[in-house]
Amino acid sequence: MKQFVVIGAGRFGREVATSLSAEGCQVMLLDSDDTLVQQMSERVTQAIRVDVCDDKALESLDLGDMDVAVVAIGSKIEASILATMKLKELGIKTVVSKAGSAAHSKILSRVGADKVIFPEKDMAVRLARSLVSSTISDIIELSEDYSIIEIKAPEHLLGKSLVQADVRSRFGVDIVAFKRMVPRQEKDGETGLREEVIIAPKAAEVFRPNDTLVVLGHMKDLARFEKS
Amino acid sequence: MPEAREKKETRLLRILEEKPDEQESYLHLGKFYFLAGRYDQAAAVYLRGLERFPLDRALLVNLGVVREAQGRPDEARDLFRRILEIDPHDTAAAERLGRLTAF
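Chains as they are written, first to last, in my numbering: chain X, 48 to 275; chain B, 4 to 106.
Right, dumping it as structure tokens:
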């Protein structure tokens, strides 16, 4: 089982720690605020009150065995930098640190963070892109030229199978998954919808109304597909 | 199995014909169509029910779910909001609305 340490029990840190726990991972959460630590103690494997700027306190926790550390301190730059440095010194293989600004991000990279995230900026970019397009609901950039987008199935494909639609030769893009809402009856007798994800769909899979497609391709081909 | 489904549909249609003043008649038939993926028919049944019972929570919720399945989220949101206007403490409707409005 993977072991994680999350430093900082602010909103972001709490969400990361709770999600990791829900995935069945071992999660240790560290923060200097006793109330937040208490609040989280039942949601994670261990929640400990500690001053993350205190080298000795961090050393005493045997963090070297952790697979990944997430430094979820965005606003206190000094604490975030010191914690990132210390976690690398302690031998944690992967340290992911949250930045609050571009300058903060640069410093974190320099002091050894393996990955720096900038959630507000990333979210803002994704939101802006989804607002510009009425059909694209999400976008993940793989490189400068290639992306994965989530897009509503274009009307001209509805009722056709993947092989009939032949999107690879027509548009140069690959459909890597279908996301489909399927009806179900809830435990309380009410009706509801469950999202079914069909990864690597077969050639015979048929496009249905309200399908969301996960599409991989070059940005210019994706744009052509979107406008089709 | 398709035969059993046909029989069930005929039975539910008959119940609706015989008991149009009972809200459950609309609910049962609507649910039957919804679970069979026949969304247009489900919506039509719920709308008929709402003509008679405009404030019925179950009919509003079920129609909202159908609208979501049909890819008409704006209409689904309006229906869940209408339920919350009737009962601001309806947590199930609030959750469904929250899921529909979340990015």
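We put the beta carbon where it would ideally sit given N, CA and C, even for glycine.
Problem set entry | Chain-order list of residues whose beta-carbon lies under 6 Å from that of G206 (chain X) (same chain, five-residue window excluded) | Contacts found: none.
For this session: Spell out whether any CB of chain B is found under 8 Å from the CB atom of P256 (chain X).
Result: Judged by the 8 Å Cβ criterion, P256 (chain X) is in contact with chain B.
Problem set entry | Option nearest E89 (chain X) by Cα separation, candidates X:Q73, X:A104 and X:V99 | The closest CA to that of E89 (chain X), considering only X:Q73, X:A104 and X:V99, is found on X:Q73.
Problem set entry | Residues near A104 (chain X) in its chain [Cβ-Cβ closer than 8 Å; skip 5 each side] | If you ignore the 5 residues before and after A104 (chain X), its C-beta comes within less than 8 Å of the C-beta of V97 and D98, all in its own chain and listed in chain order.
Problem set entry | First and last residue of the uninterrupted beta strand (DSSP E) at M75 (chain X) | Per DSSP, the unbroken beta strand (DSSP E) holding M75 (chain X) starts and ends at Q73 to D78.
Exercise. Does F37 (chain B) come within less than 8 Å of chain X when only Cβ atoms are used?
Worked result: Yes, because at least one Cβ of chain X sits closer than 8 Å to the Cβ of F37 (chain B).
Exercise. Can you find a CB in chain X that lies within less than 8 Å of the CB of E71 (chain B)?
Worked result: So yes, E71 (chain B) belongs to the interface.
For this session: Starting from E167 (chain X), find everything on chain B with Cβ-Cβ shorter than 8 Å and list it in chain order.
Result: Within chain B, no residue comes near E167 (chain X); the closest Cβ sits about 13 Å away, beyond 8 Å.
For this session: Name the two residues that bound the continuous alpha helix (DSSP H) containing K226 (chain X).
Result: K226 (chain X) -> not in any alpha helix (DSSP H); beta strand (DSSP E) instead, spanning D221 to Q232.
Exercise. Which residues, in order along the stretch 202-219 of chain X, keep a beta-carbon less than 7 Å from a beta-carbon of chain B?
Worked result: So the list is empty, because no residue satisfies the distance condition.
Exercise. Would the beta-carbon of I183 (chain X) fall within 8 Å of that of L189 (chain X)?
Worked result: For I183 (chain X) and L189 (chain X), no; Cβs fall outside 8 Å.
Exercise. Under 8 Å between C-beta atoms, does T182 (chain X) make it to chain B?
Worked result: Cβ-Cβ to chain B under 8 Å: no for T182 (chain X).
For this session: Would you identify the three-state DSSP class for F144 (chain B), choosing helix, strand or coil?
Result: Residue 144 (chain B) falls outside the range modelled here, since chain B spans only 4 to 106, and no answer is possible.
For this session: Please report the residue range of the beta strand (DSSP E) in which E197 (chain X) lies.
Result: Unbroken beta strand (DSSP E) run through E197 (chain X): Y193 to K199.
Exercise. So what does DSSP say about L269 (chain X), is it helix, strand or coil?
Worked result: In the three-state DSSP reduction, L269 (chain X) falls in the helix class (H, G or I).
Problem set entry | Strand pairing of C208 (chain X), partner residues [DSSP] | Note on residue identity: the sequence assigns Ser, not Cys, to residue 208 (chain X). Its beta-bridge partners are X:V253.
Exercise. Bridge partners of V172 (chain X), per DSSP?
Worked result: Answer is none; V172 (chain X) lacks a bridge partner.
Exercise. Applying a beta-carbon distance threshold of less than 9 Å, which residues of chain X neighbour V48 (chain B)?
Worked result: The contacting residues do not exist; V48 (chain B) stays about 12 Å from chain X at best.
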